[in-house]
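Enquirer: Each residue of the sequence shown is one higher than the one before, counting from 1 in the numbering used here. Just so it is clear, CB atoms sit at the ideal spot from N, CA and C, and this is done for glycine as well. The structure under discussion is supplied below as C-alpha cells; questions concerning it will follow.
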Amino acid sequence: MAHQFSTQAVPKISVEQLAMRIAESPEGLQLIDVREEQEIEIAHLDGFENLPLSDFADWSDHIHTRFDPNAETLVLCHHGVRSAQMCRWLMSQGFTNVKNIVGGIDAYSLLVDSSIPQY
C-alpha cells in the first residue's frame, strides 16, 4: 500500500457511532476489516468483509466490482492505523464516503462490547 496518500485527511467514526449505525440501519453500509486472518479468529464483528492488507495484491484489482464507491464504507483494524491507510487508498480510488473506525476493534471491545476478546 503506497504512502503517497498520507496527506489526505481521513473522515472518522467512533466505535460508539459504529455500534449505533449497525443497530439502527445496517442496510447500505459496506464494512471492511483489514486485519489478518489470525486476528479475525481472535476477535471479529459480524458483517465485516475481511480484506487483509497483506493480501492487497490479491483483492485490490477487484475493489470496484466488490464494493460501491458511493456507498458508506467503514473500515476497521486493530487500533485504527491500518484502516486509515486503507481509507486513504479507497479515497484515491474514487470512493466518496469512507470512514476510519477510530481505535479499531480494541476500542470497540473496551467501549462497546466487552465480550469481544482483546489481544
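Have a look at the DSSP bridge pairing and note the partners of D61.
Expert: Along the sequence shown, read from residue 1 onward, the residue named residue 61 stands at position 61. Partner(s): none; D61 has no beta bridge.
Enquirer: Is the Cβ-Cβ distance between F56 and Q30 less than 8 Å?
Expert: The residue you call residue 56 lines up with position 56 of the sequence shown. The residue you call residue 30 lines up with position 30 of the sequence shown. No, the pair does not count as a contact, with Cβ atoms beyond the cut-off.
Enquirer: List the whole-angstrom C-beta distance separating L45 from Y119, where the pair is believed to meet the contact cut-off of C-beta under 8 Å.
Expert: Position 45 of the sequence shown, counting from 1, holds the residue named residue 45. Position 119 of the sequence shown, counting from 1, holds the residue named residue 119. With 8 Å as the limit, L45 and Y119 do not qualify as a contact, their Cβ atoms being about 14 Å apart.
Enquirer: Let me confirm a value: G47 is counted as buried when at least 16 other C-beta atoms fall within 10 Å, else exposed. Which label applies?
Expert: By 1-based counting over the sequence shown, the position of residue 47 is 47. Classification for G47: exposed.
Enquirer: For Q153, does the three-state DSSP call read helix, strand or coil?
Expert: Given that the chain is displayed from residue 1 to residue 119, the structure contains no residue 153 and the question cannot be resolved.
Enquirer: Return the residue from the list I13, E49, M20 that minimises the CA-CA distance to D113.
Expert: On the sequence shown, position 113 is the one that residue 113 refers to. Among I13, E49, M20, the Cα nearest to that of D113 belongs to M20.
Enquirer: Just how far apart, CA to CA, sit G103 and R82?
Expert: Within the sequence shown, numbered from 1, the residue matching residue 103 stands at position 103. Within the sequence shown, numbered from 1, the residue matching residue 82 stands at position 82. Taking the straight line from one Cα to the other gives about 11 Å.
Enquirer: Relative to the C-alpha of N50, which residue among E16, N97, H78 is closest?
Expert: One-based indexing of the sequence shown puts residue 50 at position 50. Checked all of E16, N97, H78; the closest Cα to N50 is H78.
Enquirer: Just the Cα atoms here: how many angstroms apart are S92 and P11?
Expert: Here residue 92 refers to the residue found at position 92 of the sequence shown. Here residue 11 refers to the residue found at position 11 of the sequence shown. Distance between the alpha carbons of S92 and P11: 14 Å.
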